[in-house]
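With numbering that gives the first Met the number 0, letter number 19 in the sequence shown gets 18, and the count goes up by one each step, no holes.
The C-beta atom is built at its ideal place from N, Cα and C for all residues, glycine as well.
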Amino acid sequence: MSDGGFFGEFDVAGAADDPFSIDDGTYRGQVTGFDGDIGGKKNDGTDYRGMQFTLTVTEGDQEGATYDQYFALPTADTSVRTAGILRSSVKKFLAGLEVPISRMNTIDPNDLLGIDVIFTIETTVSKRTKKKFRNIEIRVVGSVNREESGSVDVSVAPIDDNEFGLLT
């Protein structure tokens with residue numbers, strides 16, 4: 000036994016807080032997966048839709064670990080305000096991958112696979128609901144921020160019934 004106790008031999012204190020996820024921090028990685036067909040019914044009977052990008056850590060202590068970034072997508076039951084927030088979340092992620100605004104609606108998500116990235120994950124707790132949320136910031140390795148992927152005030156972006164896969 001080391002470190003004065005039975006568990007010291009196994010360095011339990013140094014283990015990940017959640018063995019099925021990576022710890023908060025900044026990582027070098029790669030976009031390695033995409034699933035755009037997540038959906039079903041919630042307990043209340045309403046529909047849900049989503050998509051998920053998988054990021055794989057390529058260096059450091061967590062090399063090989065994956066992080067799945069899930070995005071809820073608007074459905075027919077989604078309010079206009081919530082749909083705008085959901086669209087903005089995806090837009091921020093795509094902008095971090097340097098997808099030009101002019102291509103955000105038409106890019107094939109599979110074309111994003113293999114992009115080398117640096118991503119930061121931070122867990123925050125909602126003051127109102129006390130639920131934990133994981134936030135992500137992502138940028139392309141060696142990024143020089145293309146002009147066309149610059150910021151746009153997404154809070155005033157029009158919401159179209161046929162835009163961004165809204166179910167009608």
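Mind checking whether residue i and residue j have CB atoms under 8 angstroms apart?
i: leucine 54; j: tyrosine 69; result: no
i: leucine 111; j: valine 56; result: no
i: valine 98; j: glycine 28; result: no
i: glycine 38; j: tyrosine 47; result: yes
Tell me which residue opens and which closes the alpha helix (DSSP H) that residue i is part of.
i: lysine 91; result: 79-95
Mind checking residue i: buried by the 16 CB within 10 Å criterion, or exposed?
i: phenylalanine 9; result: exposed
i: alanine 12; result: exposed
i: threonine 81; result: exposed
For residue i, which three-state DSSP category applies?
i: threonine 167; result: At threonine 167, the pLDDT of 30 sits below 50, so the modelled position is not reliable and the matter cannot be decided from this model.
i: glutamate 8; result: helix
i: aspartate 36; result: strand
i: glutamate 146; result: Low local confidence applies: a pLDDT of 41 at glutamate 146 is under 50, so the model's placement there is unreliable, with the coordinate-based value given in what follows. The answer is helix: DSSP assigns glutamate 146 an H, G or I state.
Which value, in whole angstroms, describes the spacing of the CA atoms of residue i and residue j?
i: alanine 14; j: alanine 64; result: 14 angstroms
i: glycine 113; j: lysine 126; result: 37 angstroms
i: leucine 85; j: serine 78; result: 10 angstroms
i: glycine 32; j: leucine 93; result: 14 angstroms
i: lysine 40; j: threonine 123; result: 27 angstroms
Does at least one heavy atom of the ligand ATP sit under 7 angstroms from the Cβ of residue i?
i: threonine 45; result: With respect to small molecules bound, the structure shown includes none, and the ligand ATP cannot be examined in it.
Can you tell me where the beta strand (DSSP E) with residue i in it begins and where it stops?
i: valine 124; result: 115-124
i: threonine 57; result: Here threonine 57 belongs to no beta strand (DSSP E), and DSSP marks it neither H nor E.
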